[in-house]
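S.K.: I'd like to ask some things about the structure below.
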Amino acid sequence: MGTRRPSRAGIFTGETLQRRSRPHETDPTVALAALGGVTYHWDLATDRLTWGPNAAAVLGVAVSDLAGAGRAFRDWVEPLGSPCREEALTSNELAYDLRYALRLGPGTAIMVQDAGRFIAGSGGRPAFVRGCLKSDPLARGQDGLPRAIHDRSAFLSRLHEDIAEALRFSHGVTLIAGAIVEGSPDMPEILRLLRPMMRRRDHATALSGNRFALALTSCSLMDAPDAMKRLTGLLSTAGRGIRLGAACAPDHALDACRLLRLAETSLASGTSAEPWTMCDAQGSQSVAQAAEPVDLVRILNERQLTLALRPIVDAHSLAPALARAKVALRDGAVAEVPPDAGIALLVDARKLELAAQHLMGAPDTRIILPIEIATLRDLEWLSILAAHLGARPGIASRLIVALPEAVLVERAKILGRLDAMKALGIGIALDHFGSGYATCARLRSLPIDLVCIDGVFIQTLSRSTGDRLLVRTLVDIAQHLGIATAAEWVDDQTTADMLRAWGVDYLEGDQFGTAAPAALPVSTPLRVKRA
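The opening residue of the sequence shown carries number 1 in UniProt numbering; numbering runs sequentially from there.
In structure tokens form, the structure reads like this:
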């Protein structure tokens, strides 16, 4: 056991394991690539889906083809009966760990592991999702996929050719998705009954469970209702109930995967009173209504935004060492605030004001204050920070400002601002360490005192060998650079013990306490003007 030297902010006070000298230096980005994982952030109110920088490489698609919204991503998920994130939300489980297939092209699909958690916003309702998507090591390559995925790929590849031919010769392709809702779902028998209405180039396949698909390669949108009526008559025999949904190319879609998804959506939207449903082109393109946005200007003006602190303990003594600043409303509900660039400075300035006042009244407290990248870019931030620190001598050494790891891509632009912040006497931390933006060169060139390892890798630590290897690599890199480490989302003792043994310095999570509102400061209200 060896005593480590203090970091640049002097926040080491305990002991850590002595590490062997590293024969070579591994970048965090290399470790994440070896894991085959990509982090993401999903704003439920706006449906915006933000990927980590390595998403295209992990998923094997072009950057321009990445799903930028949760709705678009759902279209990638193969409907094979596997649970989805939305089902985890309705089950009141904030954390999820799922395995499902993504359809990236007519003949291309991958199995993925998806783990993360829902984060509460105003009113205590889930407002954001942060997670990590990893290619499944048990199903690397097309040969490791389930049989149902292979059958679906073969069907879609042929459908892709059908659509291309239809475009060349100006005719239509109708795709019918069907489900047996009553009676025996004997798929070989169902496929046999389809033959009388199939022409030479038509083809059908069994989908998962009680569902099937039929491609009519010379059937226009006008003829599709008659085709479904005939199909209903063929299959609705011997007590068997049938429901159908259809979409047509080129009227509804030009892509085979999209066409099948539209047909399946039409099938799902049908009712028991109507045996078949045609795709509603206008409705299929509609976007889900976004949740009503939070009026942050009103909340700030009415002084409803208050301070909440989440404890962070020393990994060895388990004594409270730091506290993470969060925001709470006057009713005590702790919430995450949307990273709105237009109002980020106002929210972060209010958090700074509350944290500074709390530090004045609590001389033994050290606070990590997360701010948005937009706040750091704002020309007023440094003067606001200097004013609060100057008005309250002695608190600078107990304040650590935390920035998202994504700020590292702007290294040249932010270096001067970080140096100016350090000159004021505060510490600087990186949140979401390991999400794909950090390299050793970037870490070495910036005055970073603390890195907080992303909780998406901590949550599954006890059951994921890949996450354990990644986290140990991240800890070794930070130790090699003389930077303190913290881990978030530590929810059980087993995880805490592993992290302590690997040399992590601070632990944060439900195992050590949740965020609680701090004492409300008494101050003169400041008015915020709307833009």
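All residues carry an ideal CB built from backbone N, CA and C; glycine is no exception.
CB-CB under 6 Å to residue 50, same chain, minus the five flanking residues each way: which ones, in chain order?
M.R.: Same-chain partners within the cutoff: 41.
S.K.: Please name the residue or residues paired with residue 453 in a DSSP beta bridge.
M.R.: Paired residues: 433, 487.
S.K.: What are the residues that DSSP puts in a beta bridge with residue 493?
M.R.: None, per the DSSP bridge assignment.
S.K.: Any idea what DSSP makes of residue 378, helix, strand or coil?
M.R.: The answer is coil: DSSP assigns residue 378 none of H, G, I, E or B.
S.K.: Does DSSP put residue 517 in a helix, a strand or coil?
M.R.: Three-state result, residue 517: strand.
S.K.: DSSP state of residue 313, grouped into three classes?
M.R.: Note: residue 313 maps to strand in three-state DSSP.
S.K.: Take residue 289 and list the residues in its own chain whose beta-carbon comes closer than 6 Å to its own, dropping the five residues that flank it on each side.
M.R.: Low per-residue confidence applies at residue 289: pLDDT is 40, beneath 50, and the placement is therefore not dependable enough to give any value.
S.K.: Can you tell me the Cα-Cα spacing of residue 95 and residue 461, whole angstroms?
M.R.: Near 14 Å, if we compare the C-alpha coordinates of residue 461 and residue 95.
S.K.: From what residue to what residue does the alpha helix (DSSP H) around residue 189 run?
M.R.: Residue 189 -> alpha helix (DSSP H) spans 187-194.
S.K.: I need the boundaries of the alpha helix (DSSP H) containing residue 233, first residue and last residue.
M.R.: 224-235 is the extent of the alpha helix (DSSP H) around residue 233.
S.K.: Is residue 440 helix, strand or coil by DSSP?
M.R.: Helix, per DSSP.
S.K.: Return the residue from the list 430, 324, 264, 301 that minimises the CA-CA distance to residue 308.
M.R.: Selected option, being the one with the closest Cα: 324.
S.K.: With H, G and I counted as helix, E and B as strand and the rest as coil, what does DSSP make of residue 63?
M.R.: If DSSP states are grouped into helix, strand and coil, residue 63 belongs with the helices.
S.K.: Give the DSSP bridge partners of residue 111, in chain order.
M.R.: DSSP lists 101 as partners of residue 111.
S.K.: Quick check: what's the CA-CA separation for residue 447 versus residue 408?
M.R.: The straight-line gap from Cα to Cα measures roughly 12 Å.
S.K.: Within 10 Å of its beta-carbon, does residue 44 have 16 or more other beta-carbons around it, so buried, or fewer, so exposed?
M.R.: Counting Cβ neighbours within 10 Å, residue 44 comes out buried, since at least 16 surround it.
S.K.: Measure the beta-carbon distance from residue 372 to residue 127 and round it to whole angstroms, keeping in mind my assumption that it falls under 8 Å.
M.R.: Actually they are not in contact, since the Cβ atoms of residue 372 and residue 127 sit about 15 Å apart, beyond 8 Å.
S.K.: Consult DSSP for residue 395 and reduce its assignment to one of helix, strand or coil.
M.R.: Of the three classes helix, strand and coil, the one that applies to residue 395 here is coil, per DSSP.
S.K.: Check each candidate in 187, 194, 178, 254 and name the one with the smallest Cα separation from residue 168.
M.R.: Taking only the C-alpha atoms, the option nearest residue 168 is 254.
S.K.: Checking the sheet assignment: what are the DSSP bridge partners for residue 147?
M.R.: For residue 147, which the question treats as bridged, DSSP gives no partner whatsoever.
S.K.: What is the residue span of the beta strand (DSSP E) that residue 217 lies within?
M.R.: Per DSSP, residue 217 belongs to no beta strand (DSSP E) and is neither H nor E.
S.K.: Counting along the chain, where does the alpha helix (DSSP H) carrying residue 414 start and finish?
M.R.: First-last of the alpha helix (DSSP H) with residue 414: 411-423.
S.K.: Starting from residue 533, trace the beta strand (DSSP E) both ways and give me its first and last residue.
M.R.: Outside the shown range of the chain, which is 1 to 531, sits residue 533, and nothing can be said about it.
S.K.: For the alpha helix (DSSP H) that residue 475 lies in, which residues bound it at each end?
M.R.: First-last of the alpha helix (DSSP H) with residue 475: 465-480.
S.K.: Could you check what DSSP says for residue 117 in three-state terms: helix, strand or coil?
M.R.: Three-state result, residue 117: strand.
S.K.: In angstroms, rounded to a whole number, what distance separates the CA positions of residue 120 and residue 47?
M.R.: Roughly 15 Å separates the two Cα atoms.
S.K.: Measuring alpha carbon to alpha carbon, tell me which residue in 393, 365, 171 is nearest residue 310.
M.R.: Cα-wise, what sits closest to residue 310 is 365.
S.K.: Between which residues of its own chain and residue 284 is the CB-CB distance below 6 Å, once the five residues before and five after are set aside?
M.R.: Caution applies to residue 284, whose pLDDT of 46 falls short of 50 and renders its modelled position unreliable; the value that the coordinates give is listed next. Excluding residues within five positions, the ones whose Cβ falls inside 6 Å are 262.
S.K.: Using DSSP with H/G/I as helix, E/B as strand and the rest coil, what is residue 198?
M.R.: Coil.
S.K.: Kindly identify the DSSP beta-bridge partner or partners of residue 508.
M.R.: In the DSSP output, where bridge partners are listed per residue, residue 508 has 312.
S.K.: Could you check what DSSP says for residue 170 in three-state terms: helix, strand or coil?
M.R.: Reduced to three states, the DSSP call for residue 170 is coil.
S.K.: Sorted by chain position, which residues of the same chain lie with C-beta nearer than 6 Å to residue 502's C-beta, five sequence neighbours on each side aside?
M.R.: Once the five neighbours on either side are set aside, the close Cβ partners of residue 502 are 472, 475.
S.K.: Going by beta carbon distance, what residues of the same chain come within less than 6 Å of residue 467, once the five residues before and after it are set aside?
M.R.: Counting only Cβ-Cβ distances below 6 Å, and skipping sequence neighbours, we find 457, 460, 461.
S.K.: Would DSSP call residue 182 helix, strand or coil?
M.R.: Three-state DSSP puts residue 182 in a strand.
S.K.: Can you check which of these residues, 219, 205, 220, is closest to residue 213 by C-alpha distance?
M.R.: It is 205 whose Cα lies nearest to the Cα of residue 213.
S.K.: So is residue 463 buried or exposed if we call it buried at 16+ other beta carbons inside 10 Å?
M.R.: Under this definition residue 463 is an exposed residue.
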